[in-house]
Structure formats: structure tokens, C-alpha cells
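As you go down the protein sequences, you meet chains V and G in turn. With UniProt numbering, you'll find the first sequence wraps up at 436, consecutive numbering, no jumps. With UniProt numbering, you'll find the second sequence wraps up at 481, consecutive numbering, no jumps. Ideal placement from N, C-alpha and C gives every residue a C-beta, glycine not left out. Okay, structure first, notes after.
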Amino acid sequence: MLCRNPSDYVRETKKDIVPVQRNYDPDLHPFEVAREYTRAMNAVKMERIFARPFICSLDGHRDSVQCLTKHSTELSLLLSGSCDGEIKLWNVAQRTCQATIPAHDGFVRGICVIPDGTAFYSIGNDKLIKRWSMDNYDAPAMTIVGKHVFTSIDHHYKNSQYVTSGENVSLWDEQRAQPLQSFKWGADSHAKIKFNPIETTVLASCAADRSIILYDTRQSVPLRKITLQMNSSSLAWNPLEAFVFTTANEDFNLYSFDIRFLQRPFNIHKDHVAAVIDVDYSPTGKEFVSGSYDKTVRIFAADKGHSRDIYHTKRMQHISCVQWTADNKYVISGSDEMCLRLWKAKASEKLGVIRDREAETLEYNDALKEKFAHFPKIKRIARQRNLPKHVYHAKREHKTIQESQKRHEANARANSKPGSVPFVSERSKVILKEEE
Amino acid sequence: MTTRRTKKLLYVKERKAKFAARQTTRAEILHVEEEGYITSDKVDEEEQRTVDLTQTDIKSSVDIFSAQKRFDLELPLYGPYKIDYTRNGRHLLLGGRKGHVAAFDWQTKKLHCEMNVMEQVNDVKWLHIETMYAVAQRQWTYIYDNQGVEVHCLKVLDRSLHLEFLPYHFLLAATNEAGYLSYIDVSIGKKVASYNTRVANGNGKCGTSIMCQNPSNALIGLGHAGGVLTFWSPNQREPLVKMLAHKSTLRSIAIDRTGTYMATSGVDAKLKIWDLRTYKCLHEYRTASNGASSLSFSQKNLLAASYRDVVEIYNDICDNESASNELPRYLLHQCSNGASASSLAFCPYEDVLGVGHERGFVSLLVPGAGEPNFDALEANPYQTKKQRKHAEVKQLLDKIQPDMITLDNSVLSEIDRKGFIRKQEDKRNNFNFVKPKELIIQSDKKKGKIGKRLARKTQIRDTKLKEFLQQQQLKRKKNKN
Chain V
1 MLCRNPSDYV RETKKDIVPV QRNYDPDLHP FEVAREYTRA MNAVKMERIF
51 ARPFICSLDG HRDSVQCLTK HSTELSLLLS GSCDGEIKLW NVAQRTCQAT
101 IPAHDGFVRG ICVIPDGTAF YSIGNDKLIK RWSMDNYDAP AMTIVGKHVF
151 TSIDHHYKNS QYVTSGENVS LWDEQRAQPL QSFKWGADSH AKIKFNPIET
201 TVLASCAADR SIILYDTRQS VPLRKITLQM NSSSLAWNPL EAFVFTTANE
251 DFNLYSFDIR FLQRPFNIHK DHVAAVIDVD YSPTGKEFVS GSYDKTVRIF
301 AADKGHSRDI YHTKRMQHIS CVQWTADNKY VISGSDEMCL RLWKAKASEK
351 LGVIRDREAE TLEYNDALKE KFAHFPKIKR IARQRNLPKH VYHAKREHKT
401 IQESQKRHEA NARANSKPGS VPFVSERSKV ILKEEE
Chain G
1 MTTRRTKKLL YVKERKAKFA ARQTTRAEIL HVEEEGYITS DKVDEEEQRT
51 VDLTQTDIKS SVDIFSAQKR FDLELPLYGP YKIDYTRNGR HLLLGGRKGH
101 VAAFDWQTKK LHCEMNVMEQ VNDVKWLHIE TMYAVAQRQW TYIYDNQGVE
151 VHCLKVLDRS LHLEFLPYHF LLAATNEAGY LSYIDVSIGK KVASYNTRVA
201 NGNGKCGTSI MCQNPSNALI GLGHAGGVLT FWSPNQREPL VKMLAHKSTL
251 RSIAIDRTGT YMATSGVDAK LKIWDLRTYK CLHEYRTASN GASSLSFSQK
301 NLLAASYRDV VEIYNDICDN ESASNELPRY LLHQCSNGAS ASSLAFCPYE
351 DVLGVGHERG FVSLLVPGAG EPNFDALEAN PYQTKKQRKH AEVKQLLDKI
401 QPDMITLDNS VLSEIDRKGF IRKQEDKRNN FNFVKPKELI IQSDKKKGKI
451 GKRLARKTQI RDTKLKEFLQ QQQLKRKKNK N
């Protein structure tokens, strides 16, 4: 005869926890899939309800922000340079400006922090390279006068070398006043230069003749040059995969290349409706953030073709630089209206201390959203974003343009000899030529 | 297109699913309780049959806690009683036909409320929680608090004969004297659907009170006059399944917890066991005349049947391998004073059968009836007040929408092949089209000034032409004459 002892199922004292007996027999749990589907719907709806990515704006600059860099060793330090020659050091955690340095006479074109974090370099429109020490901001520790305007600077991840781009790409040593090496391959000027964080001798630059050039510091000649259809504004190396870099192009797309196979990009990221200005990878290497001329910041997954999320505000004008903070949680964008904005990388993430049970529930919700992601109602809710009007209309227009192009091609194919109009994949159409 | 990456993802998913299945089976070691059973010592040469055991025998041979579960309530004044246990088997609701309604915790015998609603009571049903219950009274259906306070009067469910509560959908289903089956969503208080269940067999009188819910897929089974059994969902006006169960009127239906077996009894003195997946009759037994007036399945698939004042309990009736036509009787009980039993219900998670009869209520001991190990997150007999409140919120969040009630539960977890094929067809059609031919509706053009002038001119010209022709005709006639 079934007889339960109540003391097994009831807590002994008020300080105890209540015992919860479990039986996983499926007979006791009917409607499993339907209940999980309902929970997935609730999870997706709550994600949209709590999606508030904007945290704060850091203002203080007196002209539009031109460049952003995060500090190599300090998590909360951020350096930004503006068009009136000022460099500001921000403490992002406390949302205050730590120091303001009147660095250059014209635009501040680029800032980079040396790997051990004791100093940083800045370049400007006044053809100067200035090295500043982290202790003393009154005067630069070193000033180098260059022959032409520098557009971008980046530091080697291991050695004490740095590289600047301008008319040509020059490799400098920290101690010397003359460049060690100069690379040139046909281009008038280079927009951006970036060192590879893993293969530390490799670097890539975006040139003004619509090309991307790869260099190796151990060689005197550049490695490869690929020419695209339109100019690239910026590029970023994947911090975890040594051979992957992504370029932000002016034909509204971002292209991810594998340096071992430069004939075509292995991924095209489409979603912007104006030229993409800057791109930066997350420290996990799985996602990247891009800021574009269409006043929006988009976050892409590195292997997907469309964006995961879009951030925009009425007050944010054309974005000039983006950074993903080193703790993978925040994204910072600097824009034309002299403001830096701090956003959450995951829009519905809860900041602050999360208890164990809460973390478990959030993980369960994520798993449910993934499991039921293909159901039409859930997909529709998960994808829903409020787009600014200009982006919405521009996207519709682009869609009609693309559809008509496809239709013309289909017609041409239908009305000509079979095989005369071959199917060409879009990724193959990107690169015009590759040179060695 | 299976790439190496998708293959790896699928492999990882499968491995996780297998691991989960293995872990749940290994968790069975944590089950504390065991099922009840009756062992008979071999007395004389024959084996003692369990049928010969009376309730007093059982009561005297179990421990004192279990012996307390065997009790009789003598309520001779207020008519045959309908009973209902809550989902966790802790609270009991009694409704006498002459209006007596009482709710109490039957294990501690603590009375929640007792009142007379001064009207005929057709049925009583607990809602999702032990603080609310519905009483189908003569005119309308009322919802009461467990203190006996009337909370709602559901005028939508008027003259209800039988109530069923679908716990995962929060739907209260009721059959009408006029033959309507109505569903109400109890959480928001809205009527979901109401269908006329009159089965076209030429029967003038409608409104059956033979009703049972299928706990595994939330369909409502109704028994009709000609022996027809229909299954209904709130999404369709027509019944999902219509089957001829008996050759004459059905008296009772019962469906087991997993939704695989159904027991029906009819006026033709037959008790049939059906397989609900294939709708085939598995066994057919002959019973006492007039058939079982009520049937009930326990959690461990024991079947209780009442014939006037006798209650019989059968075990292994569904998987009965033997070819004999004898009902596999397990236990027997005769209600005192010949009071005919009106309502049977097994208490969930307990080895107890509750019988409501003409003169009150009796609680019988049936070893092996209840599920020994409950899941506290589904139904907890030892729920504290705080747990009950939290559980109610969780239940409401997990409430399944009524349009997900289907015949086959596994549809949601399968791949939608037809939809996929349809999408591919649409895509292919879209890419090969030449130009979308729009339907241009010829709209009646509004005439401008010039158009109107032109129309007037033509009209004048036509009339002049007509006159001229008529004159010519007259002239010709004149000339002829």
C-alpha cells in the first residue's frame, strides 16, 4: 500500500529549503513540445522587450570624433581623437574624461597604444608622429616630422615597431626617426593599415585605388594585392583566426577574406544602406561591429551574411569609428556630432550581478530560442527591429533594384542558348583582379 | 546541402539528446516510493483470490496512515454526489444534486467550505488550483473560491450537464442540455468556442452528459445516443473523430493517462477496451445488465466500474493477454444501503478510489492504483502556499494556446515537409517569371468637359438620324399608298 512519510516532502525548519521531488517519466509530462514552444515564444518576446542597447553617451569633444582606440592593458581606458586635434582619454566604467591633450594642429588621424600599455602614438594632419607617455600628458615624449600626411598608424603586437600609412606604407622602429622600410605598390594613398594580431609579421592596408594590399615585414616587397570594385574604408583582422580579415567597403558591404585564398571573399556581409566606414572584431572572433555613413551601427556574426542587430538613434549622425571593448560586452561608436556612444553588445543582456538561478533561466531561454528558431512566428518576432525611416526606404529601394537585376538575368537566360548565360556566384564577382 | 560543419552540429545535437535520455533513466534510482500491491499467502490448496478481499480486510492489514484513507461520509439528504479530486490529489470536492457543495482536504480532513447553493447541481470541477472550483448549476455555471465565496457567474455556460477542465490549456469545457459543447479560457475569462454537437442520427433530444477528456492530447470525447462516440477540439466545428462504439446508448467513457486506451460501456451490457491510436476494439466483455454507469482509469491503468451499488476494479484490463471473456476482477465493493454509485474518481498519486453515491461519499483502498513518485514541478501533494503561488504563475506562463490542440501531438516536433516543398516551388516560380502580370481593372473613365460635349454631340446626331429615318419611312408609306 502506497504510503508517504510527509517529513520526506516537507522542510524541517524554516531555514531549510523545500525538497522538490522529481520524476522524469514522460507520462507525467504531457504536451512537452507545445509547452516548450510556448516558453520559446515568451523568451523571444521578452528578449525584444528588454532589448535596450544604449547605455550612455560620452561628450566633451568639440569637433567630430575621428578615431578611437582601446587601451591594450587597461580595460576601462579609451582614447579618442577628434578633428580639432584633441585627444581625450576616457574612463568608460566611470563615464568620465580623464585627460584632454591638445595633440595636433589639424585632424587627429590615428592613435595606437603600444602593447605593454605605457605609451601611445598619435598622428595628425600636421605630418607629425607624436609619442605620449601614459604618465605625462603635457608634452609628447617624442615628435617625428614626416614628409607627407599620415592617415593611419598601427603598432606591432610583439616587437617595438610600428607602421604608418600615408602616401606609402612605412615601417618604423620606436627608437629611430627614419622609417626602417617603405612599401609601395602603385597606390597614391592608403586609408588604413592594420597588423595581424596572431601572425605578427603580416599586415594589410586599404589603398585608394580600390585595392587591398598584404605585406610581410620580413620581406621588402608587398605580398599580394587584390582589387575590388569600390574603395575600402577600413579593415580588421580576426583576433582568433590568423588568416581572416574583414574589410568595410564603400559599396555598402563588408567582405571577409581568407589570406590563403584571395580570389574571392569567403563571406559577404550585406545590410548597410550607405558606405561602411569602420569595422572592429569582438575579442571572441565570432562577431564584429561595423559603423557606416547611414548613421547606424550594425553587429554581424562572422559567419553570417546579414546583421544580427542594428543600433541607431535620432541624434547619432554619420559614424566615423567603432570599437568593441575587450571584455566582449560593449560596443563604442564615435560619430560626427562630437559624441561617443556606449552600447551593449547583446541588446537584451542584463548588466550587473546575475544570480545562479537567473543565469540558468537565461541559458534555458537561449537554448529554447535556438531550438525553435525556424518556427515562422518565433522567427518573425526575433527578427523584428525598428529601422529609421531613411534606412527602411533605402532597403526597399535596393531590394527592388536587386530583384529587377535578377529578373533581367533570368530573362536573358531563358531567352538565349542554354549555357550562354552562366550562373556566376556573387562572391566571385567581387574581386576584379589579384596580383602577386 | 550537408557541409562538414552542419554534419558536426547535428552530431553534437544527437549526442546531447542521447545523453539527456540516459541521464533521465539513470535518475530513476532517486525514486523513493514504490507501488502498492496485494500478495496473497497460499491458504489451503487454492490461492486466495484478491476479489474476495473486503475493504475491512485491507484496512486491517495496512499501517495506520493508510487506514485513515478508508472512510465513509454519510450525507443521505442531498442526493447523489459528484466528486472531483485536485490534480495533486490533495483536495476533494463534493457536489450533491440537491445543492450541497463541500470542499475539503481529505487527508487531514480539514474543511475548506461547505454550503448549499439552493439549486440543482449537475457537476463540480476543480480548476487549476485548490482555491477555485466550478459548479454546474441548473441555470448557469458558477465559479467559487475555496472559502465558498461566489467569484464568477458564467452565463456563457448555461444549463451545463458535465464539466471538464483541461489543465495545460486553462480551458473549461462544458456540455449543454441543448447539445452545445463550449470552451472557456479560465485565465482570461473568454469563450473560446461553442459547437453544436448534435449527432445526425435523427435523435430529437440532444445534450449528452457522457463526457471524458483525453489527457494526452486535450480532446474531449462525447458519447451520444446511438452509440456514437465523437472527439472534439476547440478549433473545428465538426468532430475530429466519429466512431460507432456500441450498438446502443453509451453509458460511460474513460481514457487512461497516456491516451492509448479507452474504456466504454453501453446500455447493451458490454464493456469495450479500445486502442486510441488505431481506433480498434481490443477487448469486449459482457457485464451486468444495463452496463457500467461510470468508469474511471487510475494512473497505473486500473479500471474502476460501477454497476448500481457495486463498484468493481479491474487490473491489467488493457494488456490482457488471455483470450478469456472474463473480466479480470481485482477488487469489489458494495456501497452500504444499496446506494447506487453516481461518480467514480481515482485519487492521483494515492492508492485510493473515491465513490460518490446516493447517500454520500466513500473512500476505498486500492493497492497499486496510484503513481508512487510524483514530480513536484507538475503536481505536488505537499505544496506550501508559496510554492502554490509560484506554480500558478509558471502554469499561466506555460499556458498552451487552444489552437495547438490536435489529434496527433507529435506534429509540432516533426519536419514540415509539405511547407518546405511549397516554399521551394514558390521560389522557383518567382525567379522564372517574365514580368508580373498585374490585373488591371478597367475602371469606368470619368468623362471630362470635352468627353461630355462629345457624348452630347453624338446623342444629338443619333436622335436626328432617327428622326430622318422615320420621316423617310413615312414618305415611303405615303408613296406606296
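What are the boundary residues of the alpha helix (DSSP H) that residue i is part of?
i	result
phenylalanine 468 of chain G	449-480
serine 66 of chain G	64-67
asparagine 42 of chain V	32-49
threonine 296 of chain V	Neither: threonine 296 of chain V is in no alpha helix (DSSP H) and is coded neither H nor E.
valine 32 of chain G	Per DSSP, valine 32 of chain G belongs to no alpha helix (DSSP H) and is neither H nor E.
proline 376 of chain V	376-383
glutamine 23 of chain G	4-26
aspartate 366 of chain V	356-371
residue 475 of chain V	Any question about residue 475 of chain V goes unanswered here, given that chain V covers just 1 to 436.
Spatial neighbours of residue i within its chain, please: CB distance less than 7 Å, with the 5 preceding and 5 following residues excluded, ordered by chain position.
i	result
proline 197 of chain V	Tyr157, Trp237 and Pro239
proline 328 of chain G	Tyr314, Asn315, Asp316, Ile317 and Asn320
glutamate 284 of chain G	Lys270 and Lys272
arginine 131 of chain V	Ala119, Tyr121, Pro140, Ala141 and Met142
arginine 413 of chain V	Val421
glutamine 395 of chain G	His128
From this set, the options, which residue's C-alpha is nearest residue i's C-alpha?
i	options	result
phenylalanine 231 of chain G	G:Lys247, G:Ser248 and G:Ala254	G:Ala254
alanine 136 of chain G	G:Leu407, G:Leu302 and G:Gly95	G:Gly95
serine 306 of chain G	G:Leu332, G:Leu282 and G:Lys300	G:Leu332
leucine 73 of chain G	G:Ala245, G:Val393 and G:Val362	G:Val362
threonine 217 of chain V	V:Phe31, V:Asp126 and V:Leu180	V:Leu180
aspartate 271 of chain V	V:Val289, V:Leu262, V:Asp258 and V:Phe261	V:Val289
alanine 301 of chain V	V:Gly419, V:Trp343 and V:Ser282	V:Ser282
asparagine 267 of chain V	V:Gly305, V:Glu360 and V:Glu241	V:Gly305
proline 76 of chain G	G:Glu371, G:Ala20, G:Thr39 and G:Arg359	G:Arg359
glutamine 107 of chain G	G:Gln120, G:Leu92 and G:Arg97	G:Leu92
lysine 109 of chain G	G:Asp123, G:Lys69 and G:Tyr330	G:Lys69
alanine 367 of chain V	V:Cys3, V:Pro30 and V:Asn42	V:Asn42
Beta-carbon within less than 6 Å of residue i's beta-carbon, same chain only, minus the 5 sequence neighbours each way: which residues are those?
i	result
phenylalanine 374 of chain G	Tyr349
glutamate 435 of chain V	Lys225
alanine 102 of chain G	Leu94 and Glu114
aspartate 158 of chain G	Trp140
alanine 382 of chain V	Val44
Just to confirm the assignment, what range does the beta strand (DSSP E) spanning residue i have?
i	result
isoleucine 268 of chain V	267-270
serine 343 of chain G	341-346
residue 470 of chain V	Any question about residue 470 of chain V goes unanswered here, given that chain V covers just 1 to 436.
phenylalanine 183 of chain V	181-183
arginine 257 of chain G	Counting along the chain, arginine 257 of chain G falls outside any beta strand (DSSP E), and DSSP gives it neither H nor E.
Classify residue i: buried if its beta carbon has 16 or more other beta carbons within 10 angstroms, exposed otherwise.
i	result
threonine 86 of chain G	buried
methionine 118 of chain G	exposed
valine 20 of chain V	exposed
leucine 250 of chain G	buried
leucine 9 of chain G	exposed
alanine 178 of chain G	exposed
lysine 155 of chain G	exposed
isoleucine 129 of chain V	buried
alanine 103 of chain V	buried
tryptophan 21 of chain G	The sequence given here places alanine at residue 21 of chain G; tryptophan does not occur at that position. Alanine 21 of chain G should be labelled exposed.
Once the 5 residues before and after residue i are set aside, which same chain residues still bring their CB inside 8 Å of it?
i	result
serine 160 of chain V	Ile114, Asp173, Glu174 and Gln175
serine 289 of chain G	Ala269
valine 311 of chain G	Ala304, Ala305, Leu332, His333, Gln334, Cys335, Ala341, Leu344, Leu353, Val355 and Leu364
Say yes only if the C-beta of residue i is nearer than 8 Å to one or more non-hydrogen atoms of the ligand COA, and no if none qualify.
i	result
proline 372 of chain G	The model depicted lacks the ligand COA and carries no ligand whatsoever.
Could you say if the segment 319-327 of chain V and the segment 290-310 of chain V meet the contact criterion of at least three C-beta pairs nearer than 8 Å?
yes
Any contact of the segment 34-48 of chain V with the segment 84-102 of chain V, i.e. 3+ C-beta pairs under 8 Å?
no
Cβ pair count under 8 Å reaching 3, the segment 183-199 of chain G against the segment 220-234 of chain G
yes
Could you please tell me which residues of the segment 2-36 of chain V, in chain order, have their CB closer than 7 Å to any CB of chain B?
Annotation note: the requested chain B is absent from the structure, which comprises protein chains V and G.
Given 8 Å as the limit, is there contact between the segment 145-157 of chain V and the segment 186-201 of chain V, that is, 3 or more CB pairs closer than that?
yes
Three or more C-beta pairs under 8 Å: does that hold for the segment 15-35 of chain V against the segment 377-393 of chain G?
yes
Three or more beta-carbon pairs under 8 Å between the segment 335-347 of chain G and the segment 61-68 of chain G, yes or no?
no
Taking contact to mean at least 3 C-beta pairs separated by less than 8 Å, is the segment 59-73 of chain V in contact with the segment 327-336 of chain V?
yes
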